[in-house]
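In order, the protein sequence lines correspond to chains A and B. With the working numbering applied, the first sequence covers -18 to 271. With the working numbering applied, the second sequence covers 228 to 520. Backbone N, C-alpha and C fix where the C-beta goes; we use that ideal spot for every residue, glycine too.
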Amino acid sequence: MIFEYLIHILILVGIYTILALSLNLALGYSGLLNLAHVSLFGIGAYTSVLLNMQGFPFVLSIIASGIVSALFGFILVFSTKKLKGDYYALASLGFAFVVYSLLLNLISITRGPLGISGIPRPSIFSFVINDNFTYLIFVLLFLLITLILFSKVVRSPFGKLLEAMRDDELSLRILGKNTYRLKYKSMSISAFFAGLAGSLFAHYIGYIDPNMFYINEIILIISIVIVGGVASLRGSVVATVIIIFLSELLRFIHLPSSIVGPGRQIIYSIILLLILMKKPRGLFGRIDLE
Amino acid sequence: MSSLLLQLTLNGLVAGSIYSLVASGFSLIYSTNRFMHFAHGVIVILAGYILFSFYSLIGFSFYYSVLSTLIYSSFIGFLINKTIYSPLQKKKTSSVILLIASISLLILFQNLIQLFFGAGVKDIDYIDIQKGLEFYEATITQLQIITIIISSILCVGLFIFMKKTSLGKEMRAVSNNKELADIVGINSSKVKDLSFFIGSFLAGLAGILISLEQNVSPSMGTNLIIKGFTGAVIGGISSVPASIFGSYIIGLVENLGIAFLPSGFKEAISFFLLFIFLLFRPEGLASLRRRVK
């Protein structure tokens, strides 16, 4: 029983770590506070589920979920490339609301507020991942790939350019670098992995509805990134473990679900407020957010 | 068709009045503090719940409940500034961090309300359901007329306060140039406190009117601050009169919009407007006039 439960938590930790890493690429390394990150996660989830339930193989669906999310990430940053700081954050919030109301109102495609249930588990070339242990290994495989790729990206010249853009966009432009193109690339990569995480999440939980990808949920993922420290991949991994375990403890002490739901959000927001006030660089952060 | 349009226009005016109360407080706080106080929306809803507790649960008289709701909500806004925002601002925190803090406050209060009162809607049975007044071929209830009147009086009052009184002038001075205001001896931290106090008072009033007109639920705060914020952005976020103007535009556009679009898209219209304005005219319509000058 405990073992089963531990596997469940570890799967969630794996998925949220991918999500947190991808947000950290946008927020920590590129300086884009993307409040629509959960929407990109949701777009990935919906794309993968809708394709898979139309009969497309899982492998194609999950790749498509990354590509469609990356496309939306690109659209977001393409249209907002001139905005900075809190104006960018608010435009991305507006984007998140547009996505939410589309998910809610395009009932013929998304089934609206009812959500989609009975999502099948992934099957890869006739091998169906049914038990949670195999799913955990599957998720960890993805996580490993993400981690290796991201640590390569942030150490590459491209990653250094992103950090330079975050610190001083104008100087970088004077040096002749096209900062818009840097933003497109970093947001597309970030959105691609958010989409993959969304697909992994949807096929694991088995049910999605628009409220799972709304403003309430962004607080969790931002808490993780800021508690871990912006521009620190190691921080995001550690913080995901801490925060997911902490919030799952609530379920463990057998509180009714009407308390667990708000209780979690209260924990996330208090953690976030405390860290902003007491230790704004988080656990492993190297820089202050401008 | 014309009676439908008239009805939708009236609904738009009522919605616009409520949004303008939210937006004027929000933009008053923004203009003196230079950051987005998103938790403003949850103060509105909190006021509805305070009124519900005092009037429907405890059973105080209506006017006493309204008065204490206004006092409590003003003080809650004031205390949020004192405990969270001013320590952060003293450390020269960037406006992005303050935005994150205000969003987490929004989520915090929303979930606290949900924890204490449940996720369902609460109804304050002060006004009996009554047949609305006929106005040509459209109907409008007494409360809706009162809402429009109160909101217009307050907006005019706020305008006069900002233009004529010395406190209002100090506020505008801080909003125009904080350093200069400090040099000439204006106590800018007092002005900031005051803007939170007045802004939250307006939010409390909006909360009371909403809870009487419809009912309240914990998640309404997010929606309302988006409407108020959209109104403020469309008008011009750092100018109170401009954001009131923008709020009426939002109220009218989203209500007239459902004459042409399915009603499910009512919310989407204003979100879409918000996105468009942030992209193409983040400084709002108010800047049009300035550009002509």
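(1) Could you name the residues of the segment 230 to 252 of chain A whose beta carbon sits closer than 8 Å to any beta carbon of chain B, in the order they occur along the chain?
(2) May I ask you to list, following chain order, the residues of the segment 49 to 70 of chain A that have a beta carbon less than 8 Å from some beta carbon of chain B?
(3) State yes or no: is the beta carbon of L257 (chain A) nearer than 8 Å to at least one beta carbon in chain B?
(4) Taking 8 Å as the CB-CB limit, is S82 (chain A) close to chain B?
(5) Starting from I298 (chain B), trace the alpha helix (DSSP H) both ways and give me its first and last residue.
(6) Give the secondary structure of V411 (chain B) by DSSP, where H, G and I count as helix, E and B as strand, and everything else as coil.
(7) Just the C-alpha distance for L6 (chain A) and G54 (chain A), rounded to the nearest angstrom, thanks.
(8) Quick one: residues in its chain with C-beta nearer than 6 Å to the C-beta of G491 (chain B), no 5 flanking neighbours on either side, listed in chain order?
(9) Does the beta carbon of G216 (chain A) come closer than 8 Å to any beta carbon on chain B?
(10) Report the rounded CA-to-CA distance for D420 (chain B) versus I205 (chain A), giving the unit in angstroms.
(11) Would you say I477 (chain B) lies against chain A (beta-carbon separation less than 8 Å)?
(12) So, helix, strand or coil for I105 (chain A), using DSSP?
(13) Please report the distance separating the alpha-carbon of E481 (chain B) from that of L451 (chain B).
(14) Please name the residues in the segment 257 to 268 of chain B whose beta-carbon is closer than 8 Å to at least one beta-carbon of chain A, in chain order.
(15) 8 Å is my cut-off, CB to CB: does I387 (chain B) come that close to chain A?
(16) Of the residues A:I225, A:P38, A:G266, which one's Cα is nearest the Cα of H(-11) (chain A)?
(17) Could you spell out where the beta strand (DSSP E) holding T366 (chain B) opens and where it closes?
(18) Identify every run of the beta strand (DSSP E) within the segment 179 to 231 of chain A, keeping only runs that are complete inside it and at least 3 residues long; order them along the chain.
(19) Is there a Cβ from chain B that is less than 8 Å from the Cβ of F106 (chain A)?
(20) Please report the straight-line C-alpha distance between I251 (chain A) and L257 (chain A), rounded to a whole angstrom.
(21) Could you check whether the Cβ of L14 (chain A) sits closer than 8 Å to any Cβ belonging to chain B?
(22) F39 (chain A): buried (16+ other C-beta within 10 angstroms of its C-beta) or exposed?
(23) Kindly indicate which three-state DSSP category K141 (chain A) falls into: helix, strand or coil?
(24) Can a CB atom of chain A be found closer than 8 Å to the CB of V519 (chain B)?
(25) A175 (chain A) and L21 (chain A) look like a contact to me (Cβ under 8 Å); what is the Cβ gap, rounded to whole Å?
(26) Decide if D67 (chain A) is buried, meaning its Cβ has at least 16 other Cβ atoms within 10 Å, or exposed.
(27) Identify, in the order they occur along the chain, each residue of the same chain with its Cβ nearer than 8 Å to the Cβ of R517 (chain B), setting aside the five sequence neighbours on each side.
(28) Alpha carbon to alpha carbon, how far is V271 (chain B) from L432 (chain B)? Give it in angstroms, no decimals.
(29) Just mark M34 (chain A) as buried or exposed, buried being the case when its beta carbon has 16 or more other beta carbons within 10 Å.
(30) How would you write the range of the alpha helix (DSSP H) that M34 (chain A) sits in, first residue to last?
(31) Going by the CB atoms, is the gap between V49 (chain A) and T28 (chain A) shorter than 8 Å?
(32) Cα separation between I476 (chain B) and G243 (chain B)?
(33) Just to confirm my understanding: we take R262 (chain A), look at its own chain, exclude 5 residues before and 5 after, and list those with CB closer than 7 Å. What are they?
(34) Anything in chain B within Cβ reach of V30 (chain A), meaning under 8 Å, just list it in chain order.
(35) In whole angstroms, what is the alpha-carbon distance linking Y276 (chain B) and S283 (chain B)?
(36) So, does the CB of A1 (chain A) fall closer than 8 Å to a CB anywhere in chain B?
Result, derived from the coordinates:
(1) S239, I240, G242, P243, G244, Q246, I247, Y249, S250, I251
(2) S60, T61, L64, G66, D67, Y68, A70
(3) The count along the first sequence starts at 1 and reaches residue 257 (chain A) at position 276. At least one chain B Cβ lies under 8 Å of L257 (chain A).
(4) In the first sequence, the residue the question calls residue 82 (chain A) occupies position 101. Yes, S82 (chain A) counts as interfacial toward chain B.
(5) As a working note, residue 298 (chain B) is residue 71 in the second sequence. Element bounds for I298 (chain B): 289 to 307.
(6) Counted from its first residue, the second sequence places residue 411 (chain B) at position 184. It is coil, neither helix nor strand.
(7) Within the first sequence, residue 6 (chain A) is the residue found at index 25, counting from 1. Within the first sequence, residue 54 (chain A) is the residue found at index 73, counting from 1. Distance between the alpha carbons of L6 (chain A) and G54 (chain A): 13 Å.
(8) As a position in the second sequence, residue 491 (chain B) is number 264, starting the count at 1. Cβ neighbours of G491 (chain B) beyond the five flanking positions: none.
(9) For the purposes of this step, residue 216 (chain A) is taken as the residue at position 235 of the first sequence. Taking Cβ atoms only, chain B never reaches closer than 8 Å to G216 (chain A), which makes this a no.
(10) Here the question's residue 420 (chain B) lines up with position 193 in the second sequence. Here the question's residue 205 (chain A) lines up with position 224 in the first sequence. Answer to the nearest angstrom: the Cα atoms are 32 Å apart.
(11) The residue given as residue 477 (chain B) occupies position 250 in the second sequence. No, its Cβ sits nowhere closer than 8 Å to a Cβ of chain A.
(12) Sequence index remark: in the first sequence, residue 105 (chain A) carries index 124 (1-based). Strand.
(13) On the second sequence, position 254 is the one that residue 481 (chain B) refers to. On the second sequence, position 224 is the one that residue 451 (chain B) refers to. Computed Cα separation, rounded: 13 Å.
(14) F262, M263
(15) For the purposes of this step, residue 387 (chain B) is identified with residue 160 of the second sequence, where counting begins at 1. So no, I387 (chain B) is outside the interface.
(16) Working through the first sequence from its first residue, we reach residue -11 (chain A) at position 8. The option with the nearest alpha carbon to H(-11) (chain A) is A:I225.
(17) Position 139 of the second sequence holds residue 366 (chain B). Taken as a continuous stretch (DSSP letters only), the beta strand (DSSP E) holding T366 (chain B) covers 365 to 367.
(18) none
(19) As a working mapping, residue 106 (chain A) is identified with position 125 in the first sequence. For F106 (chain A), the answer is no, since every Cβ of chain B falls outside 8 Å of its Cβ.
(20) For this step, residue 251 (chain A) is matched to residue 270 along the first sequence. For this step, residue 257 (chain A) is matched to residue 276 along the first sequence. For I251 (chain A) and L257 (chain A), the distance between alpha carbons rounds to 10 Å.
(21) Locating residue 14 (chain A) in the first sequence gives position 33, where the first residue counts as 1. For L14 (chain A), the answer is yes, since a Cβ of chain B falls inside 8 Å of its Cβ.
(22) Within the first sequence, residue 39 (chain A) is the residue found at index 58, counting from 1. It counts as buried.
(23) Stepping through the first sequence from its first residue, residue 141 (chain A) is reached at position 160. Note: K141 (chain A) maps to helix in three-state DSSP.
(24) Translated into positions along the second sequence, residue 519 (chain B) becomes position 292. Low per-residue confidence applies at V519 (chain B): pLDDT is 43, beneath 50, and the placement is therefore not dependable enough to give any value.
(25) Within the first sequence, numbered from 1, the residue matching residue 175 (chain A) stands at position 194. Within the first sequence, numbered from 1, the residue matching residue 21 (chain A) stands at position 40. The pair is a contact, with the Cβ atoms about 4 Å apart (cut-off 8 Å).
(26) In the first sequence, counting from the first residue as 1, residue 67 (chain A) sits at position 86. Per the 10 Å Cβ criterion, buried.
(27) Here residue 517 (chain B) corresponds to residue number 290 of the second sequence, with the count starting at 1. Unreliable positioning characterises R517 (chain B) in this predicted model, as indicated by a pLDDT of 49, which lies under 50. A coordinate reading is not provided.
(28) As a first step, residue 432 (chain B) is located in the second sequence; it is residue number 205 there, counting from the start. As a first step, residue 271 (chain B) is located in the second sequence; it is residue number 44 there, counting from the start. Those two C-alpha atoms are separated by around 8 Å.
(29) By one-based count along the first sequence, residue 34 (chain A) stands at place 53. Classification of M34 (chain A): exposed, given that the 10 Å Cβ count is below 16.
(30) For this step, residue 34 (chain A) is matched to residue 53 along the first sequence. First-last of the alpha helix (DSSP H) with M34 (chain A): 18 to 34.
(31) Working through the first sequence from its first residue, we reach residue 28 (chain A) at position 47. Working through the first sequence from its first residue, we reach residue 49 (chain A) at position 68. Cβ distance < 8 Å, so T28 (chain A) and V49 (chain A) count as in contact.
(32) The sequence position of residue 476 (chain B) within the second sequence is 249, counting from 1. The sequence position of residue 243 (chain B) within the second sequence is 16, counting from 1. Roughly 7 Å between the two C-alpha positions.
(33) Locating residue 262 (chain A) in the first sequence gives position 281, counting from the first residue. Correct list, in chain order: G210, D269.
(34) Start at 1 with the first residue of the first sequence, and residue 30 (chain A) comes out as number 49. The premise fails here: V30 (chain A) is roughly 21 Å from chain B at the closest Cβ pair, so nothing lies under 8 Å.
(35) In the second sequence, residue 276 (chain B) corresponds to position 49, counting from 1. In the second sequence, residue 283 (chain B) corresponds to position 56, counting from 1. If you take the alpha carbons of Y276 (chain B) and S283 (chain B), they lie about 10 Å apart.
(36) The count along the first sequence starts at 1 and reaches residue 1 (chain A) at position 20. So no, A1 (chain A) is outside the interface.
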